[in-house]
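**Student:**
Printed below as a string of structure tokens:
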């Protein structure tokens, strides 16, 4: 723990009180002007760094990747626009751009070995883009991932016929738009935690995902908790934490 | 058709143009001051008259039942308060008060013979009160009704084990609060129309039934249409119409 | 019933328990990777297969049509974009593209003979696109369809003058945006079920169809149930089911 | 105009600039501590003073009536609670308490002669309480008022048979809960302005009157404008202004 | 009254009952397929016909103008797109296109003489487009109109300095976005009815005009009623009705 | 797995196909009329049975506890009203009523040994009731639980001073009303999953917990997922699943 | 600064690193079990401690007052229920209960001398309760306070005639329900900051204060910022901070 | 005070009552047709004039700048589109266009000397654009401004390490999207007023800034008040007022 280190130095009279106070301020932050990179996070969390690219300029993304590379921290950017993807590809030889999941990965440190299984189940074909983002993130964090697409509750066969494999996972990510019933049905059939991701897929009274969100939050089944609409990244993160600490 | 009758009389010079115009105004309405009873409705629709008791005083209800009895029209009141129930029981010897469904029935004409089956499926124990109202109304309209309580999707067994019987109905009423997923799952399993009733059962982000309503309106399954939150009566009405005209 | 078949085979020792379990999983599903086609649905429901094209790539649509053609299942796609329409037209000689209703139909099996009447009534000229989708779907499912456009309640004459014909239908689809009053007025005038479709037509406090949706869900008239905003397809589906089972 | 008077006095050197400034402040206000009575309003508007009793204590109401009586201004209180009604009746001999409309009237000046007609049309029996408030207010302001209760659009006969009389009015107040379609239908049938009052009558997705409010605001008919939910007073006020200035 | 005419003919045996019934259906409607023109409306209301162009194709607009011209009915289209404007200008020599108010006017009958004054007051510069639509409509209906732009309550001087002229009108249209306070302040200062138009001007928690709508519906001032967000047309219509019947 | 057992018997000709089909229906359900108890759930999930008492009558609760006792299944009821608590205490000698958490526990089988730690952190004193429900449920499921009350972010000291102990848990439940910021701050400080529970604590624009719900769903911190407003039970359930499968 | 003190001691070897770490945890917190009192807050902020009594039991309030008295910290409780008020009065001789503002004050340290002026302006009589809470809080914090009740914009005279006095304040608290226009009008007339408090006063589309909140957040006037609905306390707090640091 | 001047002239018989009345109308307004410029505002408020450019045409902006230059009033336009920026740059030699903050400044009078410090703290990189607008406005008004970007609560270090500098300011502007927790955490750490600006940064259940707005309005911390979503200008205005009057 870095704070302890500073305090130890202070106790040993290696540094003054004023310097201790000053040093405590700058622990683990690289200030790029527009962004304050938390360089200590990888150490704290055990995961590589993920950058939310939406709303950042290509230049800002490059700055961030340069710094993370310098610090030897593995980096993944999500929601990378086509323009940003092009710029990143030009600037970094080893970067892996994935146009389906809109992610970019740059390994500057050891690549984690996949362990433990996360199952990603989607209701419809259109929910696939959220699932693919979740898959990319979970794999970046060192999880095995298996996807089960188009298993919506309107045709239960499609879900039930995959149940045995879904049950092998330590955690299930259930992704659905429209009425979001998938989360409840899946949670009634497995023993593991279910992370539900409402999607904005649908139209009309779906209100950009509100119906699926409310549906999942009100789930009558046990073992469901919910992340933001279309938040494949967030679901993958918490699923990775659960998976990592699973027996 | 009464309008034709009036026109025939006019053509036959039995009445004047002015009288024809005047008569057209008063066709089939009994004006009780507070309420205009549509006496022609039973003839038009083939169903007895249903009175929404909520928001009406006991005296207004008595007035309405007196008039309907005089006109020999079968009458059912829904959402009858305890107070109103007592007053009605005192005023009408033959009235049947049902405290579970909060209904009161007074037959002044022939009792319809039950034909055709309506299935009522509920998600949880707490949705039962809406189901019982729907059952009372559907039976008053001359339908056979079978109820399947507590078949929520969190334990699919409970629904699947009743499926064979549910499929015997001409129309299914699916009643659920919380995330309302029942409607989608049922509709994926039957060939008949599903009338979905969201209920206000639940708490928090259920927002008094909004989550179940949005869920049902956004159903990914075919053959679902929706009535108002807690509207057991409305579901029973349209189900009765469908049942009556079914082969 | 296919499940029974498998069980019979098991009983007759034609297959093992493990094979029975395995086989039960794959009943009636064609897995295209992105989409799990429920090949049994047409057998179960008696209707051709409908594909919701919005949010699917042209390639995914082609995959689906190829598979359905192979399985000799009639197919209709709704909400087909101009791009997808072009690709489909190039890939399938016999496909019928309808640019007004944004649908594509490919018959690979017998074309159903139209029977029974569905009436589609719209409030304004701008609601027509939803009505045309509903008409295309209902005709694909083998219903006779008659449309009554621009019959909004602000000029009752327009509705009343068509009433006799509307009453000939087994079910009425009422389509309206803005305040959605059409559904209540129509339902007060017919004996058949009314399927109400709120549309996003309007502006301001219409909130993309919310006002019409709430209006229809709260209808004071009997016999109304509601589908999603702009959901011409969904209304046509349930109307087709009701029509098919009508005397 | 009082401001002009003060300026005239100033010009004529009857008062100083400082006094003019000071006097301008206190024009027409009686400050009761809790309430600042605008004593000039009756002069300005030509109507008696109306007090919104809800949220005021009986004592505050008495203070207000005492002051208005002193100033010889006719006064009407709306939404008077039972408790307040009792206290007012004890304090003022000539006050007229109306328990149906929850109003109290105290004439301290000339009673206005009723002229011009306002028609009040309601959709259902339960909307009557709002209508009765509107009637009491409109009569206090010196209008002739005729009420047409229970004319909802689910049974058009009830409305059409009263149409001739409704058309005699200079302005129509249309009061409806649930889906609020009455306003649109009425406005399509009359030439005069329609003031629409949504009511909180209904349940479920009515959301305490929101559905009726949105419905009326989005009316497809010409000549409709809307006041707050359950605001019988507000509708009566603007209707009175229109009626007064009508030929 | 046309219905009376038909009845008279029937009485005089000039037509049969069946023909009378049939004729009653087609009274005053020109059915263009996409649109049912209510040709009787001008006779009934005394105003020219207004067409809501948004959501209609140029061809549909041309059809409508051709029919109205044939029927010698003055016509105004609102929310005319640039494309539609061009097509209309090519098809009708005498049509007046106004690019500011997005309207098109074609007089085929007498031009009404402007009488009575309507005042239009706006809060900000950005509300001007709604005001200009209202002005075009009100002038088409034969009213004198005076506009008072940019009189928002943040600088009361701007409103107060125009008050004397505003008070000369028979009715005031108050147009404001953001917090919509203008309606309350204006209504507190005039004796005439105030028609409030919330606009979608603003951003953030304005929610496309919702804040202004709620503000105006909840106005603490007397004599305010409200039309839809950005509905300059609707405000002009009801203001015209009030103005026409004013002394 | 029970289904396999039935299939095995069928294969071994111990039962017929019809009996197999019939038996599959009734697996694990005790039908009490009002409630279908899923007797297999404890076996499937490894947890005792939890009954949501709100909306159930005392008699229904007694029926459920009698059945569960008969089946030797440990039972916990949440949201037990005072009335129900009294009745349960009279009917079951060994039941433990806890008035603070509104729970009732009846052990009919082995009591699970607490293992693994769940930390429950609340923002304010008023969130305590939700926390206590969560604690009762988690302990019933066999978890060690430690509570940290009143650690809201307005005074960071209160949270930071408990951080070391909070970090010892396998999963953290963060409970907060008002602006619900606690979840984000906690998640930024721990490595374990954070289950966020919005509460209805607050007033005004809190809208019964909506503000906290939206806040938590939109958390900028990693590792947060959310359950329903005031849903202490649901948080405890998923936390228990995570804790059980943690190393 | 206490943290510095601990660090100084560490440097001077008066305490060990472990003790330093431990001590940093407990700085300034009195843990009452249900509540963690931030005893350092008064030192940090310069204000006495305020306790939000709603949702706390009388016993919890007594615990808190006992501790604060012991620490010689002046204490104010807001939203004190009648029951709690009685218990507090019994336990503390010197406590001042104010039934109008629902507050209780116990001075255990010096009473602050009022300096600087805060003006509180309300729109209507019914907003007074929020104003009185704000007044009690502001006075407890050592501000001079002047109230201007019932100055709503529907009668501008009432506001304008008090303007000169309102302008003497360093900060204005504007309190209004319904359409909340007061904040905009006041802010257009003063040079100081305006803290706007929406109230839940009103009905219907007021939605418990939402209309006033949105109105104030969207204010077209400069210098307005907003606190929660009915949050008299919060407005008083920030106004006190502004007042204290004003010249 | 100008009004006093006019009254003095009247008293001295230099002008007539009618002229006095007339003159009072035109005090301090330059009417450009589309816009009424409040020329007195700078005198009243002590700040230069700020123009909200969004929704105004380039020509209207030029008109406004010409007039303000003529009146020797410093002017700042916010939300200037690229097109408008180009036109303004062509028309005014000395104008300063800032493409980052989308502002344009034209000094026609003395440039204010920066005094007092405003701290602007943002949660994420994407909130920077709102912060930059606030900075531009605050500097135009003569404040010293220091920005602290990307200090979101998910990594408390980033905020805490800047705390000492943030505390030097007289007022803090806290800008955050998503869950908006920053405002509460900052307010718990400083003694000065915190003006919170919710931003529309985020997605899904953020609902264009609603989540952050509700979060900030419900802040559990003292000393927070809130302006509109993305309203950097508004926050800067009130912060400038507070800063100016701070000791």
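Residue numbers (this note's numbering), protein chains in the order written: chain A, 12 to 258; chain B, 12 to 258; chain C, 12 to 258; chain D, 12 to 258; chain E, 12 to 258; chain F, 12 to 258; chain G, 12 to 258; chain H, 12 to 258.
The beta-carbon is built from N, C-alpha and C at its ideal position, and this holds for glycine as well.
Computed from a prediction, not measured in an experiment: that's the story for all the values here.
What distance in whole Å lies between the Cβ atoms of residue 166/B and residue 124/B, which are believed to be in contact at a cut-off of 8 Å?
**Tutor:** Along the second chain, read from residue 1 onward, the residue named residue 124/B stands at position 113. Along the second chain, read from residue 1 onward, the residue named residue 166/B stands at position 155. With 8 Å as the limit, residue 124/B and residue 166/B do not qualify as a contact, their Cβ atoms being about 37 Å apart.
**Student:** Please say whether residue 191/G and residue 232/G have beta carbons closer to each other than 8 Å?
**Tutor:** For this step, residue 232/G is matched to residue 221 along the seventh chain. For this step, residue 191/G is matched to residue 180 along the seventh chain. No, Cβ-Cβ distance for residue 232/G and residue 191/G is not below 8 Å.
**Student:** Any Cβ of chain F within less than 8 Å of the Cβ of residue 12/H?
**Tutor:** Within the eighth chain, residue 12/H is the residue found at index 1, counting from 1. Because the pLDDT of residue 12/H is 34, which lies under 50, any placement of that residue in the model is unreliable, and the question is left without a value.
**Student:** To the nearest angstrom, how far is it from the Cα of residue 258/G to the Cα of residue 121/A?
**Tutor:** Residue 258/G sits at position 247 when you count from the first residue of the seventh chain. Residue 121/A sits at position 110 when you count from the first residue of the first chain. Going by the C-alpha atoms only, they are around 60 Å apart.
**Student:** Identify the residues that DSSP records as bridge partners of residue 63/B: which are they?
**Tutor:** As a first step, residue 63/B is located in the second chain; it is residue number 52 there, counting from the start. Per DSSP, 89/B.
**Student:** Are the CB atoms of residue 239/B and residue 59/D within a distance shorter than 8 Å?
**Tutor:** The residue you call residue 59/D lines up with position 48 of the fourth chain. The residue you call residue 239/B lines up with position 228 of the second chain. Their beta carbons are not under 8 Å apart, which means residue 59/D does not touch residue 239/B by this criterion.
**Student:** Within 10 angstroms of the Cβ of residue 12/E, are there 16 or more other Cβ atoms? Answer buried if so, exposed if not.
**Tutor:** As a position in the fifth chain, residue 12/E is number 1, starting the count at 1. Since pLDDT at residue 12/E reaches only 34, below the 50 mark, its modelled position is unreliable, and the value read off the structure follows with that caveat. Burial call: exposed.
**Student:** Leaving out the 5 sequence neighbours to the left and right, which residues in its chain are closer than 7 Å to residue 242/D when beta-carbon positions are compared?
**Tutor:** For the purposes of this step, residue 242/D is taken as the residue at position 231 of the fourth chain. These residues qualify, in order along the chain: 208.
**Student:** Short of 6 Å in beta carbon distance, which residues of its chain neighbour residue 237/F, apart from the five on each side in sequence? Order them along the chain.
**Tutor:** Here residue 237/F refers to the residue found at position 226 of the sixth chain. Only 207, 227, 228 meet the Cβ criterion.
**Student:** Determine, for residue 20/B, whether the minimum Cβ-Cβ distance to residues of chain E falls below 8 Å.
**Tutor:** In the second chain, residue 20/B corresponds to position 9, counting from 1. No, no contact with chain E.
**Student:** So, using beta-carbon positions, are residue 180/A and residue 197/A closer together than 8 Å?
**Tutor:** For this step, residue 180/A is matched to residue 169 along the first chain. For this step, residue 197/A is matched to residue 186 along the first chain. No, the Cβ-Cβ distance between residue 180/A and residue 197/A is not below 8 Å.
**Student:** Tell me, to the nearest whole angstrom, how far the beta carbon of residue 159/F is from that of residue 129/F; I am working on the premise that it is less than 8 Å.
**Tutor:** Locating residue 159/F in the sixth chain gives position 148, where the first residue counts as 1. Locating residue 129/F in the sixth chain gives position 118, where the first residue counts as 1. Not a contact, Cβ separation roughly 11 Å.
**Student:** Answer with yes or no whether the minimum CB distance from residue 168/D to chain B is below 8 Å.
**Tutor:** To locate residue 168/D, count along the fourth chain from 1; it is residue 157. Output row for residue 168/D: interface = yes.
**Student:** Distance check for residue 50/C and residue 262/A, CA to CA, integer angstroms please.
**Tutor:** The structure shown has nothing for residue 262/A, since chain A only spans 12 to 258.
**Student:** Measuring only the C-alpha atoms, how far is residue 118/A from residue 95/A?
**Tutor:** Mapped onto the first chain, residue 118/A falls at position 107. Mapped onto the first chain, residue 95/A falls at position 84. The straight-line gap from Cα to Cα measures roughly 18 Å.
**Student:** Would residue 45/B count as contacting chain D if we go by Cβ distances under 8 Å?
**Tutor:** Numbered from 1 along the second chain, position 34 holds the residue referred to as residue 45/B. For residue 45/B, the answer is yes, since a Cβ of chain D falls inside 8 Å of its Cβ.
**Student:** Run through the stretch 165–197 of chain F for me and flag every whole beta strand (DSSP E) of 3 or more residues, listed as ranges in chain order.
**Tutor:** With a minimum length of 3 residues, the continuous beta strand (DSSP E) runs that stay inside the stretch 165–197 of chain F are 182–187.
**Student:** Provide the residue(s) that pair with residue 236/C in DSSP beta bridges, ordered along the chain.
**Tutor:** Translated into the one-based positions of the third chain, residue 236/C becomes position 225. In the DSSP output, where bridge partners are listed per residue, residue 236/C has 206/C.
**Student:** Is any beta-carbon of chain E found at less than 8 Å from that of residue 109/C?
**Tutor:** The sequence position of residue 109/C within the third chain is 98, counting from 1. By this cut-off, residue 109/C is not an interface position.
**Student:** Would a check of beta-carbon distances place residue 178/E closer than 8 Å to chain D?
**Tutor:** The count along the fifth chain starts at 1 and reaches residue 178/E at position 167. No, residue 178/E does not count as interfacial toward chain D.
**Student:** What would DSSP say about residue 106/B, mapped onto helix, strand or coil?
**Tutor:** Here residue 106/B is taken as the residue at index 95 of the second chain, counted from 1. If DSSP states are grouped into helix, strand and coil, residue 106/B belongs with coil.
**Student:** Which word fits residue 271/F, buried or exposed, when buried means at least 16 other C-beta atoms lie within 10 angstroms of its C-beta?
**Tutor:** There is simply no residue 271/F to check, as chain F begins at 12 and stops at 258 in what is shown.
**Student:** Going along the chain, which residues of the stretch 112–139 of chain C sit with their C-beta nearer than 7 Å to a C-beta in chain E?
**Tutor:** From the stretch 112–139 of chain C, only 136, 137, 139 have a Cβ closer than 7 Å to chain E.
**Student:** Can you confirm whether residue 257/E, when its beta carbon is compared against all beta carbons of chain D, has any partner nearer than 8 Å?
**Tutor:** Counted from its first residue, the fifth chain places residue 257/E at position 246. Yes, contact with chain D.
**Student:** Can you tell me the Cα-Cα spacing of residue 54/A and residue 82/A, whole angstroms?
**Tutor:** Working through the first chain from its first residue, we reach residue 54/A at position 43. Working through the first chain from its first residue, we reach residue 82/A at position 71. Their Cα atoms are separated by approximately 12 Å.
**Student:** Against residue 248/A, what residues of chain C qualify as contacts under a CB-to-CB distance less than 7 Å, listed in chain order?
**Tutor:** Your numbering for residue 248/A matches position 237 in the first chain. Under the 7 Å cutoff, chain C gives no residues; its nearest Cβ is about 25 Å from residue 248/A.
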